[in-house]
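Protein chains: 2
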Amino acid sequence: MGPVKQILIVDDEAPIRQMIAVALEMAGFHCLEADNAQLAHQMIINNKPDMVLLDWMMPKVSGIELARRLRSDEQTSDIPIIMLTARDDEDHKVHGLEAGIDDYITKPFSPRELVARLKSVLRRVTPKGVDQVVEVDSLILDPVSHRASADGNTLDLGPTEYRLLQFFMTHQDRAYSRTQLLDMVWGGNVYVEERTVDVHIRRLRKALGKRHEYLIQTVRGTGYRFSTQKP
Amino acid sequence: MGPVKQILIVDDEAPIRQMIAVALEMAGFHCLEADNAQLAHQMIINNKPDMVLLDWMMPKVSGIELARRLRSDEQTSDIPIIMLTARDDEDHKVHGLEAGIDDYITKPFSPRELVARLKSVLRRVTPKGVDQVVEVDSLILDPVSHRASADGNTLDLGPTEYRLLQFFMTHQDRAYSRTQLLDMVWGGNVYVEERTVDVHIRRLRKALGKRHEYLIQTVRGTGYRFSTQKP
DNA sequence: TAAAATTGTGACAGAAATGTTACAGATCGC
DNA sequence: GCGATCTGTAACATTTCTGTCACAATTTTA
């Protein structure tokens, strides 16, 4: 077991912070606490915690705002973030994903659940900020210029295909159901047939070409997965 | 649609147990019952249920005490617990939180409420808690990427074979009858010939290959068992 | 040892899931 | 308004999976 992980808890309500802190300490983590975003930012820069637990709703600077700032700063863009959110709001989830949130926990949650999710995220340290160029097997996605290219050639993708590819490239090695993809890529509250996902998958595969289409794998009975490891 | 969830109901009053059991069976769960903590503990170790419904007040060993024991044992610390409590006592809730209770239901409650809470907890806990990578003798099952591999090569499994393997890998060293397997892996309310299990076992063994097929052992007259220990 | 259970195995047809194509309406820049 | 894209669906084509059956192989029983 590696060194003790430092977790920064950011929430303006002291009781919640403490409850979380107790649970985490019992699970063998080391906790830092901050009751506002400014202080949190300071502590993050000074202490470089291994993860930040961030309350969505906070006075002044909101959690999501802080998340954006952390992501846009080279120095802090690697640190995984778990968002604590009071409502089960799909819109928020989508925005959160864009801001590079690694996971969500909806209040109320049990300490055990928190610890489990936290461990899961730590295990999967995918320190890719959202605004970072992602490269996979000479497939390059540049969110800044909003273009994807393979072997130097720009891919001709529609907006949806681009978002789909972006989502996949930042969430590799994980199987997603059609519903999840609709949630994450289309945005939760649209009603679209599940089969529509298949069609877009097909378009994306076609655009990727023979050389790269293997990256998008179908997981029969479940959905799809993006992985460099061949099926 | 995963395997059917097994719920253990622990309460010393038989009518309450039955009422709960009926409600849960109707909702598609599979129920086990225990009328005291000792028996419950035994059943939990033997059957590894997906969740425990635990009455707070019981003769001899109380519910909260059993919860603590379950939590402190590595083997059972993952199993979610919902506490059935007669009074709406805040103190208890706090103690319960520390003991890792996942939710509370205050008696009297409606069956619908119970099922709703139970599903909610399963939804929250199951994906992350159970989504642990399982590894057995260089056989790896990763529920997140929904992939099983042996010696680095992905196994080619159909959905049912995958679920079967997943069930076995998380329920090792215990023999299951064909009926039980149909309940757990197929889902209780389908009518399928028992021999069908044999066929899937055969397919799974084939997919595992010579090197690993020994893991699935035939228990003549009973069913099958998954174990690294040769018979 | 023969008969009876029990389990292993291969084949197959129907079912289910996914791939693929075509198309009509929507959207957008001009 | 107009052409070019892009989208979501429906319809049809393919692939893959499933449950059974019939028969073989193995173990138990008598």
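As they're listed, the protein sequences go chains X and Z. Going letter by letter, the first sequence gives residues 370 to 600 in the working numbering. Going letter by letter, the second sequence gives residues 370 to 600 in the working numbering. Virtual Cβ for every residue (Gly too), placed ideally from N, Cα, C. The structure displayed is predicted, hence computed values, not measured ones.
- If you ignore the 5 residues before and after Thr-587 (chain X), its C-beta comes within less than 6 Å of the C-beta of Tyr-593, all in its own chain and listed in chain order.
- Between the C-alpha atoms of Leu-483 (chain Z) and Thr-523 (chain X) there is a straight-line separation of about 54 Å.
- Listed by position along chain Z, the residues whose Cβ is nearer than 7 Å to that of Pro-600 (chain X) are Thr-523.
- Its chain contains Tyr-531 as the residues whose beta carbon lies nearer than 8 Å to that of His-515 (chain X), once the 5 sequence neighbours on both sides are disregarded; these appear in chain order.
- Annotated three-state conformation of Gly-592 (chain Z) is strand, per DSSP.
- Shown here, Thr-445 (chain X) sits in coil according to DSSP, grouped into three states, outside any helix or strand.
- The Cβ atoms of His-410 (chain Z) and Leu-435 (chain Z) sit closer than 8 Å to each other.
- If the five residues before and after Ala-519 (chain X) are omitted, its C-beta is found closer than 8 Å to the C-beta atoms of Ser-507, Leu-508, Ile-509, Leu-577, Gly-578, Arg-580 and His-581, all from its own chain and listed in chain order.
- In the structure shown, His-399 (chain X) falls within a strand segment according to DSSP collapsed to helix, strand and coil.
- With a cut-off of 8 Å on Cβ pairs, the stretch 438-457 of chain Z is in contact with the stretch 404-418 of chain Z, counting three or more such pairs.
- Contact of Asp-542 (chain X) with chain Z by beta-carbon distance below 7 Å involves Ser-514.
- With a 10 Å radius around the Cβ and a threshold of 16 neighbouring Cβ atoms, Tyr-545 (chain Z) comes out buried.
- Using a Cβ distance threshold of 8 Å, Met-553 (chain Z) and Val-503 (chain Z) do not count as a contacting pair.
- When only Cα atoms are considered, Ile-385 (chain Z) and Met-427 (chain Z) end up about 13 Å apart.
- Taken in chain order, the complete beta strand (DSSP E) segments of 3 residues or longer contained in the stretch 508-579 of chain Z are 508-511, 516-519 and 544-546.
- Between Ala-390 (chain X) and the set X:Leu-487, X:Ile-433 and X:Leu-408, the nearest pair of CA atoms involves X:Leu-487.
- Ile-414 (chain X) sits exposed, since fewer than 16 C-beta atoms from the chains shown fall within 10 Å of its C-beta.
- At least one CB of chain Z lies nearer than 8 Å to the CB of Arg-589 (chain X).
- With respect to the C-alpha of Leu-453 (chain Z), the residue from Z:Asn-558, Z:Arg-589, Z:Asp-442 and Z:Ile-433 having the closest C-alpha is Z:Ile-433.
- If the five residues before and after Ile-570 (chain Z) are omitted, its C-beta is found closer than 7 Å to the C-beta atoms of Ile-585 and Tyr-593, all from its own chain and listed in chain order.
- In the same chain as Asp-525 (chain Z), and ignoring 5 residues on each side of it, the C-beta atoms closer than 8 Å to its own belong to Ala-576, in chain order.
- Annotated three-state conformation of Ile-378 (chain X) is strand, per DSSP.
- Across the set X:Ile-474, X:Ser-479, X:Ile-470 and X:Asp-472, the C-alpha of X:Ser-479 shows the shortest separation from the C-alpha of Tyr-473 (chain Z).
- The Cβ of Arg-594 (chain X) sits closer than 8 Å to at least one Cβ of chain Z.
- Rounded to whole angstroms, Tyr-583 (chain X) and Ser-596 (chain X) show a C-alpha spacing of 8 Å.
- DSSP, reduced to helix, strand and coil, places Val-421 (chain X) within a strand of the structure shown.
- In chain X, no part has a C-beta under 8 Å from the C-beta of Pro-384 (chain Z); the shortest such distance is about 29 Å.
- Put simply, of Z:Thr-529, Z:Asp-511, Z:Gln-387 and Z:Gln-541 the residue whose alpha carbon is nearest the alpha carbon of His-399 (chain Z) is Z:Gln-387.
- Any Cβ of chain X closer than 8 Å to the Cβ of Pro-418 (chain Z) would place that residue at the interface, and such an atom is absent.
- Taking C-alpha positions only, Gly-590 (chain X) is separated from Gly-527 (chain Z) by approximately 8 Å.
- In the DSSP assignment, Leu-408 (chain X) falls within the unbroken alpha helix (DSSP H) covering 406-416.
- The C-beta of Leu-573 (chain Z) has 16 or more other C-beta atoms within 10 Å across all chains shown, which makes the residue buried.
- Rounded to the nearest whole angstrom, the C-alpha separation of Leu-408 (chain X) and Gln-444 (chain X) is 17 Å.
- For Tyr-473 (chain X), the beta-bridge partners assigned by DSSP are X:Met-452.
- Going by DSSP, Glu-504 (chain Z) is part of the beta strand (DSSP E) stretching over 503-505.
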